[in-house]
Amino acid sequence: MGRAVAVIGTGQTKHGRRDDLSYPDLVREAVKKAFEDAGITPKDVDGVVYGSMPSMMEGVAYNHFYFADALRTVGKPLFRTETCGSTGQSVAHTAIHWVASGMADIVLVVASEKEHEGDAQATMMTILEPFLMVTIGGAPVAFSLQSREWMGYYHIDEDKAREAASIVSVDSHDGGLNNPLAHIRVKLTKEDVSKAPIITYPVRLYDVCPVSDGACAVIFASEEKAKKICKKPAWVKGIGFRGEEYFIGDSSKAVWQSTIEASKEAYKEAGITNPLKELDVAEVYNPFSYQELMFLECLGLCPPGEAPDYVIKGTFSPGGELPCDPSGGVLCCNPIGAAGLIRVAEAALQVTGKAGEHQVEGAKLALSHAMGGAMQFNGITILGSEL
Amino acid sequence: MQKVGIVEVAQSAGTESPLSLMEFTYKPVKEVLDKVGMKRDEVDMYILASTDVFHSGMSCANAFDWDASGAFMKPASREEGDAITSFVYGCMPIMEGKCDTVLVVGLIKGSENAENDTLTSFVADPFYSRPVGIQETTAAAMQMRLYLQRYGITEEQCAKVVVKNLSNALFNPYAHIKKRVSVDDVLNSERICDPLKALECAPKSEGVCAMLLASEEKAKKLTDKPVWFKGWGSSMDTFYLGDRDLLDTQLKTAAASAYKMAGISNPRKEIDIAETCEPYAFQELLWCEELGFCAQGQGGKLIDSGVTQITGELPVNPSGGVLAMNPYVARGLYRVAEAVLQIKGKAGEHQLDKKVNTALAHSTYGFCGQWQGVVILGS
Amino acid sequence: MAERYKVDKDLVRMEIVDFTFPQKEYKTSRHDTVLPYNWALGPTWTKFFDGLKEGKIFGTRCKKCNKILVPARTFCPSCYEDMEEWVELPQEGSIETWCLVNYKYYGQVKEPPYIIGQIRLDKADCSLTHFIGGFDLSDPDKVRKKMKTVSRVKAVWSKEKHADIYDIAYFKPV
Amino acid sequence: MAEQKEKPRKVASMGMVPYEMALGPTWTRFFEGFKEKRILGTKCNKCGRVLVPARPFCPRCFEPMEEWVEVAQEGTIVTWSYVNYTYFGVTPDMIPVIGATIKLDGVDCGTGMWTQIGGFDIKDFELVTKKVKVGARVKAVWRRKRQGNFRDIDYWKIIE
Chain A
166 MGRAVAVIGT GQTKHGRRDD LSYPDLVREA VKKAFEDAGI TPKDVDGVVY
216 GSMPSMMEGV AYNHFYFADA LRTVGKPLFR TETCGSTGQS VAHTAIHWVA
266 SGMADIVLVV ASEKEHEGDA QATMMTILEP FLMVTIGGAP VAFSLQSREW
316 MGYYHIDEDK AREAASIVSV DSHDGGLNNP LAHIRVKLTK EDVSKAPIIT
366 YPVRLYDVCP VSDGACAVIF ASEEKAKKIC KKPAWVKGIG FRGEEYFIGD
416 SSKAVWQSTI EASKEAYKEA GITNPLKELD VAEVYNPFSY QELMFLECLG
466 LCPPGEAPDY VIKGTFSPGG ELPCDPSGGV LCCNPIGAAG LIRVAEAALQ
516 VTGKAGEHQV EGAKLALSHA MGGAMQFNGI TILGSEL
Chain B
101 MQKVGIVEVA QSAGTESPLS LMEFTYKPVK EVLDKVGMKR DEVDMYILAS
151 TDVFHSGMSC ANAFDWDASG AFMKPASREE GDAITSFVYG CMPIMEGKCD
201 TVLVVGLIKG SENAENDTLT SFVADPFYSR PVGIQETTAA AMQMRLYLQR
251 YGITEEQCAK VVVKNLSNAL FNPYAHIKKR VSVDDVLNSE RICDPLKALE
301 CAPKSEGVCA MLLASEEKAK KLTDKPVWFK GWGSSMDTFY LGDRDLLDTQ
351 LKTAAASAYK MAGISNPRKE IDIAETCEPY AFQELLWCEE LGFCAQGQGG
401 KLIDSGVTQI TGELPVNPSG GVLAMNPYVA RGLYRVAEAV LQIKGKAGEH
451 QLDKKVNTAL AHSTYGFCGQ WQGVVILGS
Chain C
119 MAERYKVDKD LVRMEIVDFT FPQKEYKTSR HDTVLPYNWA LGPTWTKFFD
169 GLKEGKIFGT RCKKCNKILV PARTFCPSCY EDMEEWVELP QEGSIETWCL
219 VNYKYYGQVK EPPYIIGQIR LDKADCSLTH FIGGFDLSDP DKVRKKMKTV
269 SRVKAVWSKE KHADIYDIAY FKPV
Chain D
14 MAEQKEKPRK VASMGMVPYE MALGPTWTRF FEGFKEKRIL GTKCNKCGRV
64 LVPARPFCPR CFEPMEEWVE VAQEGTIVTW SYVNYTYFGV TPDMIPVIGA
114 TIKLDGVDCG TGMWTQIGGF DIKDFELVTK KVKVGARVKA VWRRKRQGNF
164 RDIDYWKIIE
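Chains as they are written, first to last, in our numbering: chain A, 166 to 552; chain B, 101 to 479; chain C, 119 to 292; chain D, 14 to 173.
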């Protein structure tokens, strides 16, 4: 295996509606914070990895050119990695491979999105070719299709699923209240969630992530550099990535193979055999509360078909056996391209004890996750406090 | 750090294809797998390079491209931008000892979208450069004028690049443009963006290139003549054209790191063949200077001397280069593929008439070469 | 804008009206993307374009490297420092390089022929990209001859200003 | 020096880019079938799966799928979604729609997203939840005038 890799610094913008800044300035806000956090200068960096959702989102093609100065990549190599919603995980993986290969010692990873500059749903529909997977809808439709498939497959009672989804939403929003950078910061009750307006039945308003602007930067370093520079690095314990067929009907989205296989790979690399017991915190990509239920199963955190039971008994709530999305998750903040990298950054904050008000006490091992595509891709990164 | 060997390549030709993008991509990928006798799921990892959404109309292009690339349920990623980055990414998991084999695919169908200038207008920032008409061709034309002015390079010398590359392309079955042109033909072609003439600009092509990389041990098992990855370098320039000296690009930085990693001290002597990315003819001359094949401002003399001809001491673009074949995103991987074939001695009719030990592949995209990348391969 | 595309409600897609691809001999599917954007200028560029509306060209100076850059920047691309000092620049400068656009492509910003140039305004440490005009551009040979004699240019302002880059109509030879 | 007059502005614009994709022989034939009210799939000789829409190759086995089969026009709903919101490009008269994944009899995958449930007043959401269920049986209803595209199947009708 290659060299050990660690996160030595992270930076996030204040997420939300950022009409106050141009897009390059938004990117710079995150980059500056990451350098300050790591205590290094751009001179120390060997290269940069950047990613966002398809640039049609904001109408600037290959926007890494536009951001070259903000990314501090001038005079350095840059990789542009993009895998749709899982971009945030994929950019991290590019950097991890890069450092592990020995071809770089310190790599800056940046991901961003400024969704208020375009029409997110209309852009999202351009994922599909124009003649075979045509539909009206966008992301909420794709994911309500998936949630219903999951409920149908396991014959999950609608009311029970509703209750569990409400708990996921309430917990996430409580997390958002504890995270000063989160976009949505409101106190919700289960009733607020279950009685909110319907978006695509059964999905209601608070089951759905917001449209956010935001950027995230994470600095990765080799073992040698990390030990020299950083008092408390977050070590990369394992990664996994899988993608399935383009056509949505080709494989089950209830038993989501790409999540299952990607997490298995990451667990194997991290030496984890019982993820529910061994992990201390999980940053699960949850743009839709119902979807998180399905993820909890496919990530192997509870038996298939039993996520609602586990959620209802509090396993994944604050103070539970494995708190999920203490940062508020994607439900409270979704600058899409950046959302997967924010999960990595949050996992790093947790295992280094730097998460502030949303710190999970004594967290040593954290999972971060993102998914994307036409319900196709899943990426996982596991970070730990010890090498 | 493990050695990385290139086992096999497959390319599609550049002419317009009636196949769907899915069918079109499948062929070269399947061809590479069949050549080495591997099954899709036996490959350890896949790295795709597919287009920026503006070049395909489909965002998250990896979604549609996944099936034909063979990446179903395999560790994988996708690079956006130039496919030479997917090649370098493909080397990484092998170097770290995590994978034995990696399949790299670069793909695009240029016939399915609008003019390159329509699309690259969107690379410009929306408030300032885009409204005043900056795109790749206008940016390159301004770079060319500066080149002619500062170093006294002549338009004839730039035209000679087209003559050389298109004549090389006549012998490359994968090239898109097949026609013999003279210096006069080039000089008399339409002055579309003065000083650039129509024949000095690359076409839009279709192109899928698939390449199998392997660890040293595995590569030796899979082929009797692996080609080795020796080094790479890449560098990004600042965004606004007005902030840069357009004749002092980041290619120098990229080349310096590639040479350092490959242990090359005298590129002109040590490199046997170079494939450069020259969507505009004069750029081949400028890139040759920045790659250290001649002194600054001597690019014109270099082409006059015949050194870069296919029969010369340091042939540049024996494949015909990008002027003959321009599958936008995949073109960087095509440069690497040609370098591989030349080292293997399998380039066919345009195989160099000498032993090729060290080859250079270069790619660039963005205005006036904002991003530059160099890969060195060796026997 | 609306007349430039139509919505095919049945097939759930848009078609750009003023563009056709070359005739194909095989079956195809058009899928044009038409998407709305709403870009944030941020404070720096808002102020820069407000300046143009008043007939003034503003740059910003980096307190570290002392360079004056135009258009104004939030931060210095090389030093990464905030650029908070605003400087009004002279409206004259010299031509660094230029090209004469004499062909058409879809989405072009204006009817050819036109000249795009890099103009180094006096006092500025970078070039400004803009049109060069104010003389007859119809004969490329004459343009080439004329441009050989031109080195200095001066901003010509649009009659109607909208606080965008077109508030400068073009730069004309001095 | 210009005083800052107002808060940072935004600039509205429209991005317009044309594309034309080749359907390729496989999907050309698939849609030709639609004109004749036939739904065609392809069968993988290796894994034996029949996939709809027809494919040039099996995404898992990676072998060409050259055997064409006409499949049933009845199937079972795997999942569905009720879409009742608009975004750029979708006007209120285009909604609601009920997108569904349908597993056709004898086919080894679900349909993509192009299959829509209809044939009754789908504006009545109560009625929708009563009629449309995972596991419900459906049947294709063709348009009278067919043009060789996904709209040739007007909707999928619930079989009571």
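Glycine is no exception: its CB is placed at the ideal position from the N, C-alpha and C atoms.
Taking only beta-carbon atoms, is Tyr228/B less than 7 angstroms away from chain C?
Taking the second sequence and counting its residues from 1, the one referred to as residue 228/B is at position 128. Interface residue, yes.
Can Asp387/A and Asp270/A be called in contact, C-beta distance under 7 angstroms?
As a working note, residue 387/A is residue 222 in the first sequence. As a working note, residue 270/A is residue 105 in the first sequence. It should be noted that the sequence gives Ser, not Asp, for residue 387/A. In this structure, Asp270/A lies closer than 7 angstroms to Ser387/A by Cβ.
For the alpha helix (DSSP H) that contains Ile332/A, what are its first and last residues?
Start at 1 with the first residue of the first sequence, and residue 332/A comes out as number 167. Unbroken alpha helix (DSSP H) run through Ile332/A: 323-342.
With DSSP collapsed to three states, give me the class of Gln129/D.
As a position in the fourth sequence, residue 129/D is number 116, starting the count at 1. Three-state result, Gln129/D: strand.
By the criterion of Cβ-Cβ separation under 9 angstroms, what are the contact partners of Glu223/A in chain C?
Locating residue 223/A in the first sequence gives position 58, where the first residue counts as 1. Here the neighbours are Tyr155, Trp157.
So with CB distances below 7 angstroms, who are the chain B contacts of Ala244/A?
Position 79 of the first sequence, counted from the first residue, corresponds to residue 244/A. Looking at the sequence itself, residue 244/A is Phe, so the reference to Ala does not match. By Cβ distance, chain B contributes Glu179, Thr185, Tyr189.
Is DSSP giving Thr300/A helix, strand or coil here?
Taking the first residue of the first sequence as position 1, residue 300/A is located at position 135. Thr300/A: coil per DSSP, three-state reduction.
Which residue wins for smallest C-alpha separation from Glu356/A, given the options Glu328/A, Leu461/A, Gln515/A?
Reading the first sequence from its first residue, position 191 is the one you call residue 356/A. Checking every option, the nearest Cα to that of Glu356/A belongs to Glu328/A.
Identify the continuous beta strand (DSSP E) that holds Arg431/B and give its terminal residues.
Taking the second sequence and counting its residues from 1, the one referred to as residue 431/B is at position 331. Counting along the chain, Arg431/B falls outside any beta strand (DSSP E), though it belongs to the alpha helix (DSSP H) covering 431-444.
Rounded to whole angstroms, what is the Cα-Cα separation between Leu493/B and Val286/B?
In the structure displayed, chain B extends from 101 to 479; residue 493/B sits before or after that span and is not available.
Mind listing the chain C neighbours of His281/A? Cutoff is C-beta to C-beta under 8 angstroms, in chain order.
Here residue 281/A corresponds to residue number 116 of the first sequence, with the count starting at 1. Residues of chain C passing the Cβ test: Asn156, Ala158.
Using C-beta distances below 6 angstroms, list every residue in its chain close to Ala15/D, excluding the 5 sequence neighbours before and after it, in chain order.
Taking the fourth sequence and counting its residues from 1, the one referred to as residue 15/D is at position 2. Summary for Ala15/D: the model assigns pLDDT 43, below 50, so the residue's position carries little reliability, and this model does not support an answer.
Examine chain D for any beta-carbon lying closer than 7 angstroms to the beta-carbon of Tyr366/A, and answer yes or no.
As a working note, residue 366/A is residue 201 in the first sequence. Output row for Tyr366/A: interface = yes.
Check Glu33/D in the structure and name its three-state DSSP category.
Sequence index remark: in the fourth sequence, residue 33/D carries index 20 (1-based). Looking at Glu33/D - three-state DSSP - the assignment turns out to be strand.
What residue ranges within the stretch 64-124 of chain D form continuous beta strand (DSSP E) runs of no fewer than 3 residues, ordered along the chain?
80-83, 87-96, 110-117, all fully within the stretch 64-124 of chain D.
Which value, in whole angstroms, describes the spacing of the CA atoms of Ile173/A and Val383/A?
For the purposes of this step, residue 173/A is identified with residue 8 of the first sequence, where counting begins at 1. For the purposes of this step, residue 383/A is identified with residue 218 of the first sequence, where counting begins at 1. Each residue's alpha carbon lies about 8 angstroms from the other.
For Leu219/B, return the contacting residues in chain D, with the cut-off set at a CB-CB distance below 9 angstroms.
As a position in the second sequence, residue 219/B is number 119, starting the count at 1. Neighbours of Leu219/B on chain D, chain order: Val30.
Considering only their Cβ atoms, is the gap separating Asn156/C from Lys23/D smaller than 7 angstroms?
Counting from 1 along the fourth sequence, the entry for residue 23/D is found at position 10. Counting from 1 along the third sequence, the entry for residue 156/C is found at position 38. Closer than 7 angstroms, so yes.
By DSSP, does Asn417/B sit in helix, in strand, or in coil?
As a first step, residue 417/B must be located in the second sequence, where it is residue number 317. Three-state result, Asn417/B: coil.
What residues in its chain sit with their C-beta under 8 angstroms from that of Val456/B, if we drop five residues either side in the sequence?
Counting from 1 along the second sequence, the entry for residue 456/B is found at position 356. Cβ within range, chain order: Asp372, Ile373, Gln442, Ile443, Gly445, Ser479.
Would you tell me roughly how many angstroms separate the C-alpha atoms of Gln17/D and Tyr188/A, rounded to the nearest one?
Against the fourth sequence, residue 17/D aligns to sequence position 4. Against the first sequence, residue 188/A aligns to sequence position 23. Its pLDDT being 48, under 50, Gln17/D is placed unreliably in this model, and the value from its coordinates should be taken loosely. Taking the straight line joining both Cα atoms gives about 20 angstroms.
Nearest by alpha-carbon distance to Leu310/A: which of Asn162/D, Trp127/D, Lys158/D is it?
Counting from one through the first sequence, the residue named residue 310/A turns up at place 145. If we check each option's Cα against that of Leu310/A, Trp127/D comes out closest.
Just the Cα atoms here: how many angstroms apart are Asn162/D and Leu297/A?
The sequence position of residue 162/D within the fourth sequence is 149, counting from 1. The sequence position of residue 297/A within the first sequence is 132, counting from 1. Cα to Cα, the separation comes out at about 9 angstroms.
For Ile283/C, which three-state DSSP category applies?
The residue given as residue 283/C occupies position 165 in the third sequence. Three-state result, Ile283/C: helix.
Could you tell me which chain C residues have their CB closer than 7 angstroms to the CB of Ile301/A, listed as they occur along the chain?
Taking the first sequence and counting its residues from 1, one reaches residue 301/A at position 136. In chain order: Val130.
Could you tell me the alpha carbon to alpha carbon distance between Leu53/D and Phe244/A, rounded to whole angstroms?
The residue you call residue 53/D lines up with position 40 of the fourth sequence. The residue you call residue 244/A lines up with position 79 of the first sequence. Whole-angstrom Cα-Cα distance: 42 angstroms.
Which residue from Ile410/B, Asn265/B, Gly252/B puts its Cα closest to that of Leu452/B?
As a working mapping, residue 452/B is identified with position 352 in the second sequence. Among Ile410/B, Asn265/B, Gly252/B, the Cα nearest to that of Leu452/B is on Ile410/B.
Less than 7 angstroms between C-beta atoms, sequence neighbours within five positions excluded: which residues of the same chain meet that for Thr259/A?
Residue 259/A sits at position 94 when you count from the first residue of the first sequence. So the list reads Val214, Phe244, Thr246, once near-sequence residues are dropped.
Can you list, in chain order, the residues of the stretch 238-259 of chain C whose Cβ is nearer than 7 angstroms to any Cβ on chain B?
Going along the stretch 238-259 of chain C in chain order, one finds Cys244, Ser245, Leu246, Thr247, His248, Phe249, Pro258 with a Cβ nearer than 7 angstroms to chain B.
Measuring straight from C-alpha to C-alpha, what distance separates Arg435/B and Cys377/B?
As a working note, residue 435/B is residue 335 in the second sequence. As a working note, residue 377/B is residue 277 in the second sequence. In a straight line, the C-alpha of Arg435/B is about 8 angstroms away from that of Cys377/B.
Among Gly521/A, Met536/A, Glu551/A, Pro488/A, which residue has its Cα nearest to the Cα of Ala304/A?
Residue mapping note: residue 304/A aligns to position 139 of the first sequence, counting from 1. It is Met536/A whose Cα lies nearest to the Cα of Ala304/A.
Quick one: Cα of Gly420/B to Cα of Ala302/B, how far?
Here residue 420/B corresponds to residue number 320 of the second sequence, with the count starting at 1. Here residue 302/B corresponds to residue number 202 of the second sequence, with the count starting at 1. Using only the alpha carbons, I get a separation of about 11 angstroms.
Leaving out the 5 sequence neighbours to the left and right, which residues in its chain are closer than 6 angstroms to Ala183/B when beta-carbon positions are compared?
Your numbering for residue 183/B matches position 83 in the second sequence. The residues are Ala149, Gly206, Val429, Ala430, Gly432, Leu433.
Would Pro415/B count as contacting chain D if we go by Cβ distances under 7 angstroms?
The count along the second sequence starts at 1 and reaches residue 415/B at position 315. With 7 angstroms as the cut-off, Pro415/B does not count as an interface residue toward chain D.
For a contact meaning CB atoms closer than 7 angstroms, what does Gln236/C contact in chain B?
Taking the first residue of the third sequence as position 1, residue 236/C is located at position 118. By Cβ distance, chain B contributes Met242, Leu341, Gly342.
Going along the chain, which residues of the stretch 192-203 of chain C sit with their C-beta nearer than 8 angstroms to a C-beta in chain E?
The chain labelled as chain E is not found among the protein chains of the depicted structure, namely A, B, C and D.
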